[in-house]
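In our numbering, the protein residues as written are 25 to 364.
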């Protein structure tokens, strides 16, 4: 079994000196192998909550389009966050010919215990990735794409230049394609990253706050709530015509009032679009689900978002940041052509 196979760490848990001796920072760690080294330990819930009926995804037979996209992704050595983060909507989105592409590898330098993306020392950037991404998008005839990435704290610009190269290559091969980027926070590199992004701003700028500030230390170790808000505000300052967007998960232990306050903070920082969905724990080694939020509560947040002036709010149990991103963008004023 290879060092990058996450099942090895899950099926044979180690402790003490044995775990330290076996630790390979270059290996891709998931689940227990990933969360075991976080200073703030994951405290399991006393009782695992049963999923209510409204949170269950109806399983259907994968479409031909689903397999077509997966095959093209593997052919061009590309990753999607849909696969890496175990998104519940992967069948629907792939079936409709949409995907969120994850650039700069599949190993993140952070260990957020809600996330199913693997942690490890990243590989060097693939200089051919922007061209491969552009070729793939052109081959699939996609009219709207989301480009996201793992955190790359090992890079001096946090990966901003790679984002720009991808945007430029996609626009060169598919001029009609609209591009949304879902970025990391560029921790400690915001000035450099924003200056680089000025060269090729996306059509939508997305960065997720994920949760309320009280839970940041537990859920987003290494990140800062105000820093993330400032990233979107400063981007809007130099690209006022580009919609900004952010997303939240419910079920980590927040209160409804805390979510409403975050929504107010978003508007005060010029954020135009919002997504709110239910957190689903990827495994028993991740942060537990503290509550399943009723659809009526999601409807309340949607109504409040409209009152606050968000240009679009995608709110519901299975909503994810990139779910129907093209439709969200169109309602925010971005002109998107239908895919052929």
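The beta carbon of each residue, even a glycine, is placed where N, CA and C say it ideally should be.
Once DSSP output is grouped into helix, strand and coil, what is the label at residue 125? strand
Measuring alpha carbon to alpha carbon, tell me which residue in 350, 161, 303 and 192 is nearest residue 243. 303
Where does the unbroken alpha helix (DSSP H) through residue 88 begin, and where does it stop? 88-99
For residue 274, count neighbouring Cβ atoms within 10 angstroms of its own Cβ and tell me buried if that reaches 16, exposed if not. buried
First and last residue of the beta strand (DSSP E) that includes residue 228? 228-230
Delimiting residues of the beta strand (DSSP E) encompassing residue 298: 297-302
Taking C-alpha atoms, which residue in 117, 263, 138 and 104 lies nearest to residue 130? 104
Using CA coordinates, which residue listed in 185, 128 and 187 is at the minimum distance from residue 174? 128
CA nearest to the CA of residue 270, picked from 279, 276, 283 and 278: 283
Please identify the residue among 316, 355 and 354 whose C-alpha is closest to the C-alpha of residue 75. 316
Run through the DSSP bridge pairs and tell me what residue 103 is partnered with. 126
Residues that DSSP places opposite residue 274 in a beta bridge: 302
For my contact list, residue 301 and residue 341 are in at a C-beta cut-off of 8 Å; report their separation, rounded to the angstrom. 7 Å
Please classify residue 148 as buried or exposed, where buried requires at least 16 other C-beta atoms within 10 Å of its C-beta. exposed
How many whole angstroms separate the CB atoms of residue 222 and residue 262, which I take to be in contact at a CB cut-off of 8 Å? 6 Å
Quick check on residue 193: buried or exposed, where buried means 16 or more other Cβ atoms within 10 Å of its Cβ? buried
Where DSSP assigns a beta bridge to residue 336, which residues make up the other side? 297
Can you list, in chain order, the residues of its chain whose CB lies under 6 Å from that of residue 217, leaving out five sequence neighbours each side? 181, 182, 184 and 210
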